[in-house]
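Enquirer:
In this note's numbering, the protein residues as written are 2 to 292.
(1) Is it buried or exposed for residue 206, if we count other Cβ within 10 angstroms and need 16 for buried?
(2) Between 225, 260, 272, which lies nearest to residue 73 when the distance is taken from Cα to Cα?
(3) Could you tell me the distance, in whole angstroms, from the CA atom of residue 186 to the CA atom of residue 158?
(4) When burial is assigned at 16 or more other CB atoms within 10 Å of the CB, is residue 182 buried or exposed?
(5) Should the region 76 to 84 be called in touch with the region 135 to 145, which here means at least 3 C-beta pairs below 8 Å?
(6) Between the Cα of residue 128 and the Cα atoms of 212, 8, 88, which residue gives the shortest distance?
(7) Tell me which residues share the same chain as residue 170 and place their Cβ nearer than 8 Å to its Cβ, disregarding the 5 neighbours each side in the sequence.
(8) Are the beta-carbon atoms belonging to residue 21 and residue 53 less than 9 Å from one another?
(9) Along the chain, where does the alpha helix (DSSP H) that runs through residue 295 open and close?
(10) In this structure, does DSSP put residue 34 in helix, strand or coil?
(11) What are the start and end residues of the alpha helix (DSSP H) that includes residue 158?
(12) With DSSP collapsed to three states, give me the class of residue 174.
(13) So, are the CB atoms of residue 98 and residue 163 less than 9 Å apart?
(14) Once you ignore the five residues that flank residue 292 on each side, which residues in its own chain have a CB closer than 8 Å to its CB?
(15) Pull up the distance between the alpha-carbon of residue 58 and that of residue 188, whole angstroms please.
(16) Counting pairs of beta carbons, one from the region 192 to 206 and one from the region 100 to 112, are three or more of them closer than 8 Å?
(17) By the three-class DSSP mapping on this structure, what secondary structure does residue 61 have?
(18) Below 8 Å CB to CB, which residues in the same chain sit around residue 31 once its five sequence neighbours on both sides are set aside?
(19) Once you ignore the five residues that flank residue 150 on each side, which residues in its own chain have a CB closer than 8 Å to its CB?
(20) For residue 90, I'd like the list of residues in its chain whose CB is within less than 8 Å of its CB, leaving aside the five on either flank, ordered along the chain.
(21) Please report the distance separating the alpha-carbon of residue 231 from that of residue 80.
(22) Within the same chain, show all residues whose beta-carbon is closer than 7 Å to that of residue 215, passing over the 5 residues directly before and after it, in chain order.
(23) May I ask which residues mark the beginning and end of the alpha helix (DSSP H) holding residue 122?
(24) For residue 37, which option in 50, 29, 28, 25 has the closest C-alpha, if you only look at C-alpha atoms?
(25) What is the rounded straight-line gap between the Cα of residue 223 and the Cα of residue 119?
(26) Return yes when the Cβ of residue 154 is within less than 9 Å of the Cβ of residue 204, no when it is not.
(27) Taking Cβ positions, are residue 114 and residue 148 nearer each other than 9 Å?
(28) State the start and end residues of the unbroken alpha helix (DSSP H) segment that holds residue 208.
(29) Can you tell which of 123, 264, 273, 274 has the C-alpha that lies nearest to the C-alpha of residue 55?
Pasting the structure below:
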């Protein structure tokens with residue numbers, strides 16, 4: 002009976018895994034389809050007419066793509082390191098029972114989750130008062146601290162017995178040693194989870210590039226992909242043919258290019274995510290049940 006149950010579970014998990022992988026395989030296959038093949042046969046895993054036209058259209062200006070990759074990698078790395086350090090250190094202070102303002106600080110962190118100044122106030126603050134327009138800092142600082150991540154880390158740190166911290170203080174450890182040598186090593190799953198959240202948020206961010214960046218050398222990858230997609234859509238319009246931007250009968254891949262851009266945008270994340278996977282589930286559940 003148990004063997005049949007285990008076999009049924011394995012079959013269900015295999016089918017579920019295939020259903021999850023299938024859309025990704027369709028994206029990969031469709032990125033190599035020609036525009037005519039997509040129109041005639043729809044999206045396919047194995048294209049009938051394989052072509053590199055979609056990738057050639059995206060890589061028409063390789064310098065811009067490489068530059069946007071560098072900007073995105075740099076800003077994501079800085080955001081992960083600084084954001085994780087700031088969120089975890091703030092959460093650590095909020096869990097200290099000997100800090101009498103911890104409840105006030107928790108309330109201050111909670112308010113921005115419900116209220117914010119709005120886009121106009123943020124734009125004026127960033128461009129006029131802080132002077133960050135067309136600066137690489139504008140791609141890092143606005144998303145550097147998240148109240149949600151801080152409160153999430155607070156829940157993680159609350160599961161650590163306070164007696165451990167008291168013992169360390171008796172042994173002469175200062176606050177930095179307690180935080181760096183005791184709290185962080187005990188919270189690796191939580192720290193890895195928050196770091197992954199910061200990485201995904203920074204990597205997929207495009208809004209700040211659209212609002213605050215005019216210099217094409219500082220454009221992030223996601224926003225560059227949006228601009229390429231808009232250009233391809235224009236080349237497929239009647240106006241492009243009317244003004245001579247394209248020749249009559251010229252094939253400009255649109256749906257295939259969209260799939261190719263998906264692969265170029267998420268490719269690095271597919272490589273990085275497995276390194277966080279072993280911590281991810283444990284990190285989400287730590288702190289939900291206190292011992």
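Each residue gets a CB set at the ideal place from its N, CA and C atoms; glycine is no exception.
Expert: Taking the structure as given:
(1) The count along the chain shown starts at 1 and reaches residue 206 at position 205. Residue 206 comes out buried.
(2) In the chain shown, counting from the first residue as 1, residue 73 sits at position 72. Per the Cα distances, 225.
(3) Along the chain shown, one-based indexing puts residue 186 at 185. Along the chain shown, one-based indexing puts residue 158 at 157. Roughly 11 Å between the two C-alpha positions.
(4) In the chain shown, residue 182 corresponds to position 181, counting from 1. Answer is exposed; the Cβ neighbour count stays below 16.
(5) yes
(6) Working through the chain shown from its first residue, we reach residue 128 at position 127. The shortest Cα separation from residue 128 among 212, 8, 88 belongs to 212.
(7) In the chain shown, residue 170 corresponds to position 169, counting from 1. The residues are 179.
(8) Counted from its first residue, the chain shown places residue 21 at position 20. Counted from its first residue, the chain shown places residue 53 at position 52. In this structure, residue 53 does not lie closer than 9 Å to residue 21 by Cβ.
(9) The requested residue 295 does not occur in the structure, where the chain is confined to residues 2 to 292.
(10) Sequence index remark: in the chain shown, residue 34 carries index 33 (1-based). In this structure, residue 34 counts as strand in the three-state DSSP scheme.
(11) Taking the chain shown and counting its residues from 1, the one referred to as residue 158 is at position 157. It spans 148 to 159 - the alpha helix (DSSP H) in which residue 158 sits, taken as one unbroken run.
(12) In the chain shown, counting from the first residue as 1, residue 174 sits at position 173. Note: residue 174 maps to coil in three-state DSSP.
(13) Taking the chain shown and counting its residues from 1, the one referred to as residue 98 is at position 97. Taking the chain shown and counting its residues from 1, the one referred to as residue 163 is at position 162. In this structure, residue 163 lies closer than 9 Å to residue 98 by Cβ.
(14) Counted from its first residue, the chain shown places residue 292 at position 291. Note that residue 292 scores 40 on pLDDT, short of 50, meaning its location in the model is unreliable; the coordinates nonetheless yield the value given after this. So the list reads 160, 162, once near-sequence residues are dropped.
(15) Taking the chain shown and counting its residues from 1, one reaches residue 58 at position 57. Taking the chain shown and counting its residues from 1, one reaches residue 188 at position 187. So the alpha carbons of these two residues sit roughly 45 Å apart.
(16) no
(17) Position 60 of the chain shown, counted from the start, is the residue given in the question as residue 61. If DSSP states are grouped into helix, strand and coil, residue 61 belongs with coil.
(18) As a first step, residue 31 is located in the chain shown; it is residue number 30 there, counting from the start. So the list reads 39, 44, 45, 48, 256, 257, 260, once near-sequence residues are dropped.
(19) Here the question's residue 150 lines up with position 149 in the chain shown. Cβ within range, chain order: 84, 88, 195, 198, 199.
(20) Indexing the chain shown from 1 puts residue 90 at position 89. The answer, listed in chain order, is 180.
(21) Position 230 of the chain shown, counting from 1, holds the residue named residue 231. Position 79 of the chain shown, counting from 1, holds the residue named residue 80. Their Cα atoms are separated by approximately 28 Å.
(22) The residue given as residue 215 occupies position 214 in the chain shown. Cβ within range, chain order: 135.
(23) Numbered from 1 along the chain shown, position 121 holds the residue referred to as residue 122. Start and end: 119 to 125.
(24) Working through the chain shown from its first residue, we reach residue 37 at position 36. Minimum Cα distance to residue 37 is reached at 50.
(25) Taking the chain shown and counting its residues from 1, the one referred to as residue 223 is at position 222. Taking the chain shown and counting its residues from 1, the one referred to as residue 119 is at position 118. Distance between the alpha carbons of residue 223 and residue 119: 23 Å.
(26) As a working note, residue 204 is residue 203 in the chain shown. As a working note, residue 154 is residue 153 in the chain shown. No. Outside cutoff.
(27) Numbered from 1 along the chain shown, position 113 holds the residue referred to as residue 114. Numbered from 1 along the chain shown, position 147 holds the residue referred to as residue 148. Contact: yes.
(28) Here residue 208 refers to the residue found at position 207 when the chain shown is read from its first residue. Element bounds for residue 208: 208 to 213.
(29) Here residue 55 is taken as the residue at index 54 of the chain shown, counted from 1. Among 123, 264, 273, 274, the Cα nearest to that of residue 55 belongs to 264.
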